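Chemist:
In this note's numbering, the protein residues as written are 252 to 434.
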């Protein structure tokens, strides 16, 4: 969304990269957008997002639309807005699962933002902040589910060896009758 800046006539417009991924074509188009509609600067955030600075207020909706057209997450209601996933088996030998692919599948199934971190192994890389729920891969496309509590660590174990469909059901409260994987 748009954020105020020190210049009263301008603002910064921000969005998130889907699961922290940005490719070269997106970066080129972001740079062109910053040149055309902003002051030419982009700011990458530690939260896997970007801001286009120096956008005239009247152009902010168009810039936000352009960011969405690039495939970025632009609304807090997007199911991908609260998901974080480590690099997964596509980029890490320690990972038990393709966390990025599984996170996309999970977002499609839950259909709403849910504060979840998908970790490919017990090391929990890429966890920028404690998440309400953590899915830790135990095998390809199978995860143990934890819910954060007052204690240290990931929290209380809720279920073991869940598929993405079973995890989505648990996270949305629509548990399948065949789901007997309580922790």
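Glycine is no exception: its CB is placed at the ideal position from the N, C-alpha and C atoms. Model, not experiment: these values are computed from the prediction.
Take residue 412 as the anchor and find which of 424, 393 and 418 has the nearest alpha-carbon.
Modeler: Here residue 412 is taken as the residue at index 161 of the chain shown, counted from 1. Of the candidates 424, 393 and 418, the residue whose Cα lies closest to the Cα of residue 412 is 393.
Chemist: Does the ligand SAH have even one heavy atom less than 8 Å from the beta-carbon of residue 424?
Modeler: For the ligand SAH, the structure offers nothing, since it holds no ligand at all.
Chemist: Let me confirm a value: residue 410 is counted as buried when at least 16 other C-beta atoms fall within 10 Å, else exposed. Which label applies?
Modeler: One-based indexing of the chain shown puts residue 410 at position 159. That one is buried.
Chemist: Note down the Cα distance separating residue 311 from residue 285, rounded to an integer number of angstroms.
Modeler: Locating residue 311 in the chain shown gives position 60, counting from the first residue. Locating residue 285 in the chain shown gives position 34, counting from the first residue. Approximately 12 Å between the Cα atoms of the pair.
Chemist: Can you confirm whether the stretch 382-392 touches the stretch 414-426 when touching is taken to mean that 3 or more C-beta pairs between the two stretches lie within less than 8 Å?
Modeler: yes
Chemist: Straight-line CA distance for residue 423 to residue 339?
Modeler: Residue 423 sits at position 172 when you count from the first residue of the chain shown. Residue 339 sits at position 88 when you count from the first residue of the chain shown. Their Cα atoms are separated by approximately 24 Å.
Chemist: Just confirm the distance between the C-beta atoms of residue 320 and residue 304, as a whole number of angstroms; I'd bet it's less than 8 Å.
Modeler: Looking up residue 320 in the chain shown gives position 69. Looking up residue 304 in the chain shown gives position 53. That belief does not hold up - the Cβ atoms of residue 320 and residue 304 are roughly 19 Å apart, past 8 Å.
Chemist: Report yes or no: do three or more beta-carbon pairs, one from the stretch 370-384 and one from the stretch 274-289, lie closer than 8 Å?
Modeler: no
Chemist: Identify every residue that forms a DSSP beta bridge with residue 393.
Modeler: Mapped onto the chain shown, residue 393 falls at position 142. Answer is 390.
Chemist: Within 10 angstroms of its Cβ, does residue 351 collect 16 or more other Cβ (buried), or is it exposed?
Modeler: Here residue 351 refers to the residue found at position 100 when the chain shown is read from its first residue. Flag for residue 351 reads buried.
Chemist: As a quick exercise: from 299, 341, 322 and 263, pick the residue whose alpha carbon is nearest that of residue 308.
Modeler: As a position in the chain shown, residue 308 is number 57, starting the count at 1. With distances taken between Cα atoms, residue 308 lies closest to 263.
Chemist: Identify the continuous beta strand (DSSP E) that holds residue 334 and give its terminal residues.
Modeler: What you label residue 334 is simply residue 83 of the chain shown in a count that begins at 1. Residue 334 -> beta strand (DSSP E) spans 334-336.
Chemist: What span of residues does the alpha helix (DSSP H) with residue 277 cover, start to end?
Modeler: To locate residue 277, count along the chain shown from 1; it is residue 26. Counting along the chain, the alpha helix (DSSP H) containing residue 277 begins and ends at 275-288.
Chemist: Would you kindly work out how many angstroms separate the C-alpha atoms of residue 429 and residue 337, rounded to a whole number?
Modeler: Counting from 1 along the chain shown, the entry for residue 429 is found at position 178. Counting from 1 along the chain shown, the entry for residue 337 is found at position 86. Bear in mind that a pLDDT of 45 at residue 429, under 50, signals an unreliable position, so the number given afterwards is only what the model happens to contain. Each residue's Cα considered, the two are about 29 Å apart.
Chemist: Which residues bound the beta strand (DSSP E) around residue 267?
Modeler: Taking the chain shown and counting its residues from 1, one reaches residue 267 at position 16. Where residue 267 is concerned, the enclosing beta strand (DSSP E) stretches over 261-267.
Chemist: State the Cα-Cα distance for the pair residue 258 and residue 360, rounded to the nearest angstrom.
Modeler: Position 7 of the chain shown, counted from the first residue, corresponds to residue 258. Position 109 of the chain shown, counted from the first residue, corresponds to residue 360. Going by the C-alpha atoms only, they are around 42 Å apart.
Chemist: Would you mind reading off the limits of the beta strand (DSSP E) that contains residue 361?
Modeler: Within the chain shown, the letter at position 110 stands for residue 361. Taken as a continuous stretch (DSSP letters only), residue 361 belongs to no beta strand (DSSP E), being part of the alpha helix (DSSP H) at 350-361.
Chemist: Have a look at residue 342 and residue 401 and give me their C-alpha separation to the nearest angstrom.
Modeler: Along the chain shown, one-based indexing puts residue 342 at 91. Along the chain shown, one-based indexing puts residue 401 at 150. Approximately 32 Å between the Cα atoms of the pair.
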